[in-house]
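The listed protein sequences correspond, in order, to chains R and H.
Here our numbering = 1-based position in the first sequence + 492.
Here our numbering = 1-based position in the second sequence + 3.
Each residue gets a CB set at the ideal place from its N, CA and C atoms; glycine is no exception.
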Amino acid sequence: MKKKVLATLLSAAMVATLIAGCGSQEAAAPAPEAPAEEAPAEEAPADDAAEAPAEEPAADGAAAGGDYSFEIIVKSYQSSYWQAAVTGVNQKAEELGVKVNCTGPNAESDIADQVNMLNNAINAAPNGIGLAACDQDACLDSLQTALDKGIPVVCFDSGIPDAPDGSVYATVATDNYAAGATAAENLYPALKDKIASATAPVRIGEVNQEATSESITSRGLGFIDKFAELASADGKTVAVIGNEYYVNNCKDKGDEASADVIIEVAVPAQTTVELCATEASVILNKADTIGMFGSNQVAAEGILTANENLDVLGTDPASSILAAGFDAGSVIKGAITSGKMFGAVTQSPLAMGQTTVEILTKIANGETVSDVPTQGYWYDSTNMEDNSIAPNLYD
Amino acid sequence: MGKNKSVISRLGGQKFIVLLVVIGLILFFSAVSPDFRKYTTVMSILDYSYYIALMAIGVTFPLITGGVDLSIGTGLICYSLTGGFLIVQKGWPVWAGILVTLLLSITIGLLNGVLVSVMDLPPFLATLCTCMITRGLGSIFSKGFGISWPTSGAPGSWFRNIFKITVNGTKIPLGFLWVLLLVVLMAFVLNHTKIGRYTIAIGSNKEATILSGINVRFYHIMAYVISGFFAGLAAIAYSAVFSTVQPGTGAGFELEAIGGAIIGGVSASGGFGSIEGSLIGVFVICLLKTGLPYIGLQANWQQIITGLVLISAVMVDIMKRKKETA
């Protein structure tokens, strides 16, 4: 894989140099119109990104985008999540005709290695740097250096809230609140009839591995608020019970005594699968439970672990509880394929990679940019193989 | 009252009390929550208890020597990550992955034993170091990512049947049988073999044991090897029940096992304890962990209550010892 990417990059670079040498006057022309808000994943099937002929797009891009070079640093090189991000980066680079150099440490925990890579990237004096920081604080000094040297940085996947003013031009990261809402938008229609015909209150469970991080709480609240909104629109009253943080921070916690739909939020004492499973068991065991949502891989797998003994999950709302998950991984993917899990929301590393290169090019072109929230995509057994979804489903 | 009799009654006494606590907890949770009475809940409690029970059986040995093994929790995750990595990423057969898991656990146990017994490091410190080492090692072996062992139904998922089989649609907690057999086996080892007797001897009076010409080093190391090996078994149980293993986790598992052992009557300062007591103690922890959410108690309260139960168990131990020396 690495070799192939390298070969593609090298050939792209060679062709780009050739063309740049022939007619570099056009280099300053603005980049082709490509609004960042669009989900680029849908435009370009990723299947053969690495094999794609480099000549053509490079030629197009050089004419339009100039021979910029960007350094891209991912959190690590080993998971398919990051491989998908790198695929997105390379796709967009070919499309825009820019040079990219992707690096990343062995593991997401190799923070010092990544800082080294960032420093090396700064020394290479590129037109911009795309950074998925392993650690929010470790990169601050390097970012100051980048700022001093006038090298723009775009963060992707994770933001750096304390970055020196002006060093980070934009952050490309999943809008977790919207991603949580996506789960509700897809789960609710499947349960709608059951909720409408219910004679007694029904229960929706939500397992969040904690109540402290931005990503998890946003997803949890996004799901609660959207589900409540959809149910209210159909004339049902909703109450939120369980973990205090989520109850107090959702839009409307309602009244449990009179509610038609009860959303019960469980948070384990620690972020481990077995505690998530215990919490999930409790809700899955209740006779009035009709739906579940696990807001990350651990929580979703906790629900599946609980179901190993309970056997109550399925895809038919009449006879089973419908569970929605988050992220991918072989356990969740397997459960969706086998019909144990109704579906899940995946983040879009592919789109993140593409958008990052796009924004870097815009910055190099002198355009103003702003943060880009990327979408979460719903997937279930019907669309797992789609070109727009499959590259985002990492093991 | 003869001293022998008091020791026996003390050991049997605490075990008996704890057994009553276990029964009391079961009755209480069953009375309050109808869902708790379901067979599936029993299955879940047993499923989630195997890895703690196995760790507790093993850690009872270092505890009885007057030491402790803090590395079993992160060790469990490290062994499981390593075995799982070889199976899932490298395509090794499952049995080979399990073998490596166990060999690695024995190696870390041996390292603990050497640090404590030969290098004379305080057990707390030595195993704290290996706790950190295994935590880092796990992340390195798995390249920093979670590993999912073969899920049920997938090729290579036979190892799950070690712990649970389905007969005519009913799930049978086979793992509990193995845990019980291992308890019987290790209780025999503790009470009727040199390894066990010298483990107790080291804990009650190390100097005297050395002076009596026993190869204390060897038997001291063995206590940690047993602890490591059982953490390896626990790693297999954990992988079979929970599938996905996340690097960086595992810290805290050892406290549940150690807490269970101490509730079950292992002296916090070494010298005596029993394997069956440790198992009963583990079930107090597991019942609290599983049962408290059923009565609608938030997670943080569960931890507080588990802590309070542990304090009372240690208090009972201390009070009895005071009475004995008085």
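Residue i classed as buried or exposed, judged by whether at least 16 other C-beta atoms fall within 10 angstroms
i, result
"residue 691 of chain R", "exposed"
"residue 314 of chain H", "exposed"
"residue 286 of chain H", "buried"
"residue 646 of chain R", "buried"
"residue 26 of chain H", "exposed"
"residue 187 of chain H", "exposed"
"residue 574 of chain R", "buried"
"residue 216 of chain H", "exposed"
"residue 169 of chain H", "exposed"
"residue 730 of chain R", "buried"
"residue 133 of chain H", "buried"
Rounded C-alpha distance that separates residue i from residue j
i, j, result
"residue 243 of chain H", "residue 166 of chain H", "7 Å"
"residue 735 of chain R", "residue 297 of chain H", "14 Å"
"residue 742 of chain R", "residue 713 of chain R", "6 Å"
"residue 2 of chain H", "residue 235 of chain H", "Absent from the structure is residue 2 of chain H, since the part of chain H shown begins at 4 and ends at 329."
"residue 515 of chain R", "residue 83 of chain H", "Because the pLDDT at residue 515 of chain R is just 39, under 50, the model does not fix this residue reliably, and the value given afterwards should be weighed accordingly. Distance between the alpha carbons of residue 515 of chain R and residue 83 of chain H is about 58 Å."
"residue 58 of chain H", "residue 843 of chain R", "44 Å"
"residue 517 of chain R", "residue 868 of chain R", "The predicted model places residue 517 of chain R with a pLDDT of 39, which falls under 50 and marks its position as unreliable; any figure quoted below should be read in that light. Using only the alpha carbons, I get a separation of about 40 Å."
"residue 276 of chain H", "residue 252 of chain H", "29 Å"
"residue 143 of chain H", "residue 746 of chain R", "47 Å"
"residue 152 of chain H", "residue 227 of chain H", "27 Å"
"residue 72 of chain H", "residue 53 of chain H", "18 Å"
"residue 665 of chain R", "residue 651 of chain R", "7 Å"
"residue 787 of chain R", "residue 214 of chain H", "60 Å"
"residue 189 of chain H", "residue 175 of chain H", "24 Å"
"residue 201 of chain H", "residue 195 of chain H", "10 Å"
"residue 863 of chain R", "residue 135 of chain H", "38 Å"
"residue 90 of chain H", "residue 283 of chain H", "34 Å"
Cβ neighbours of residue i in the same chain (closer than 6 Å, five flanking residues each side left out)
i, result
"residue 81 of chain H", "137, 140, 141"
"residue 675 of chain R", "715, 785, 816, 837"
"residue 50 of chain H", "244"
"residue 229 of chain H", "61, 64"
"residue 149 of chain H", "247, 249"
"residue 295 of chain H", "305"
"residue 327 of chain H", "none"
"residue 280 of chain H", "18, 267, 268"
Spatially closest choice to residue i from the options, by CA coordinates
i, options, result
"residue 672 of chain R", "R/698, R/658, R/648, R/662", "R/698"
"residue 793 of chain R", "R/807, R/813, R/824, R/565", "R/824"
"residue 717 of chain R", "R/863, R/848, R/696", "R/696"
"residue 112 of chain H", "H/100, H/126, H/54", "H/126"
"residue 615 of chain R", "R/589, R/596, R/642", "R/642"
"residue 305 of chain H", "R/814, R/813, R/787, R/771", "R/771"
"residue 32 of chain H", "H/174, H/65, H/135, H/293", "H/293"
"residue 124 of chain H", "H/223, H/175, H/328", "H/223"
"residue 255 of chain H", "H/310, H/274, H/35", "H/310"
"residue 680 of chain R", "R/669, R/635, R/753, R/634", "R/753"
"residue 173 of chain H", "H/162, H/116, H/43", "H/43"
"residue 884 of chain R", "R/622, R/819, R/649", "R/819"
"residue 274 of chain H", "H/102, H/116, H/68, H/308", "H/68"
"residue 704 of chain R", "R/871, R/759, R/768, R/612", "R/759"
"residue 872 of chain R", "R/864, R/866, R/865, R/881", "R/881"
"residue 70 of chain H", "H/283, H/88, H/206, H/158", "H/206"
"residue 633 of chain R", "R/611, R/624, R/809", "R/611"
"residue 608 of chain R", "R/619, R/798, R/625, R/851", "R/625"
"residue 767 of chain R", "R/706, R/802, R/700", "R/700"
"residue 566 of chain R", "R/586, R/584, R/582, R/594", "R/594"
"residue 178 of chain H", "H/74, H/55, H/225", "H/55"
Own chain residues within Cβ distance below 7 Å of residue i, not counting five before or after
i, result
"residue 271 of chain H", "265, 317, 320"
"residue 220 of chain H", "120, 121"
"residue 192 of chain H", "198, 199"
"residue 893 of chain R", "Outside the modelled stretch of chain R, which goes from 493 to 887, sits residue 893 of chain R, for which no answer is possible."
"residue 302 of chain H", "none"
"residue 580 of chain R", "841, 842, 843, 844, 845, 846"
"residue 308 of chain H", "291, 295"
"residue 661 of chain R", "644, 645, 646, 855, 861"
"residue 827 of chain R", "796, 833"
"residue 46 of chain H", "174, 176"
"residue 289 of chain H", "48, 51, 52, 55"
8 Å CB neighbourhood of residue i in its chain, flanking five on each side removed
i, result
"residue 812 of chain R", "804, 805, 806"
"residue 726 of chain R", "684, 687, 688"
"residue 814 of chain R", "679, 682, 683, 782, 783, 784, 805, 806, 807, 834"
Three or more beta-carbon pairs under 8 Å between the stretch 200 to 219 of chain H and the stretch 89 to 97 of chain H, yes or no? no
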